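Residue numbers (the working numbering): 450 to 785.
Structural data, given as structure tokens:
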């Protein structure tokens, strides 16, 4: 049987001379006489050796995580001469990947393909090649079969796009100030940022809180992700390009404007839920945006309150200890 195709018989001739003739004859079980032979002439072989191979069949692409792409295809039906390699070309046609957009050399060579030659050492039914590409980028990939006679098959094309891998590189951290009702929010940097991505800082306060008069409403498409209901008191404190906020501290509650958002002031000794969320240009509606969330109690605590607690601790532990010490001294003198 043939290892390349089902329901076919394959054979191999190790040595062949020009003065020899190849015949293929079929025998049926229980029948002594063979069928009519099929003769393979030298002319037929010569033409076959110079023939153009068939294109790779069933060419498919599987896009995996982290911009890994698998190419798969079947062995061509006819190759003519022996296959030498598969000629693969990868064209970058467009990208939203911020790093690529900032590299001038890459933009100048955008129309030039990356070439891969996959050598054929053994014939197999299936072939595959794994590619490691850029995220948030659209590609065209082509493949051809090439023989030792340097004959190229028809080209097969596929287009695809690698998904975004934008993500936060860390966690949200915060610090409370003593005398002003604000929160210093430390936003982590991001990895694999995309063009025109936006960062939103959303604050959810207690029910009895009245938002400032010029507060910024939260976009409807983000309310479900953040978990904002119709009865919640929440506002958008900032809306800026991602790189203007990522990896930097942000003061929540300073009553300033950031983009189209108003950073409303906070109140002391209240629960606040702060969400930092990133939206991308042409984002797939089925993909959830990157989001970090943190809940904070008591946005501020004044230095006066700290002093009151310190005095209270002194009264509890130090004063009774001193009284006990002097009492022991008094009893000691009485016993002398």
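For each residue, glycine too, the CB sits at the ideal point set by N, CA and C.
As the structure is a prediction and not an experimental result, all values here were calculated from the model.
TODO: Flag this pair as yes or no: are the beta carbons of residue 723 and residue 738 separated by less than 7 Å?
DONE: no
Open item on the list: Taking the beta carbon of residue 584 as the centre, do at least 16 other beta carbons fall within 10 Å, making it buried, or is it exposed?
Closed with: buried
TODO: Assign residue 642 to buried or exposed, taking buried as 16 or more other Cβ atoms, counted over all protein chains shown, within 10 Å of its Cβ.
DONE: buried
TODO: Taking residue 572 as the reference, give the member of 523, 711 and 463 with the closest Cα.
DONE: 523
Open item on the list: Just list the residues that DSSP pairs residue 511 with in beta bridges.
Closed with: 519
- [ ] Take the Cβ of residue 537 as the centre, count every other Cβ of all protein chains shown within 10 Å, and call the residue buried at 16 or more, exposed below.
- [x] buried
TODO: Whole angstroms is fine: what's the gap from residue 708's alpha carbon to residue 603's?
DONE: 53 Å
- [ ] Name the one or two DSSP bridge partners that residue 745 has.
- [x] 721
Open item on the list: Measuring only the C-alpha atoms, how far is residue 468 from residue 512?
Closed with: If you take the alpha carbons of residue 468 and residue 512, they lie about 52 Å apart.
Task: Beta-carbon proximity check, residue 608 vs residue 589, cutoff 7 Å - done: yes
Task: Backbone CA spacing between residue 528 and residue 503 [nearest angstrom] - done: 6 Å
TODO: Report, in whole angstroms, the separation of the C-beta atoms of residue 710 and residue 686, which I expect to be a contact under 8 Å.
DONE: 6 Å
- [ ] Could you tell me if residue 680 is buried or exposed, where buried requires 16 or more neighbouring beta carbons within 10 angstroms of its beta carbon?
- [x] exposed
Open item on the list: Restricting to Cα atoms, I'd like to know which of 500, 730 and 594 is closest to residue 546.
Closed with: 730
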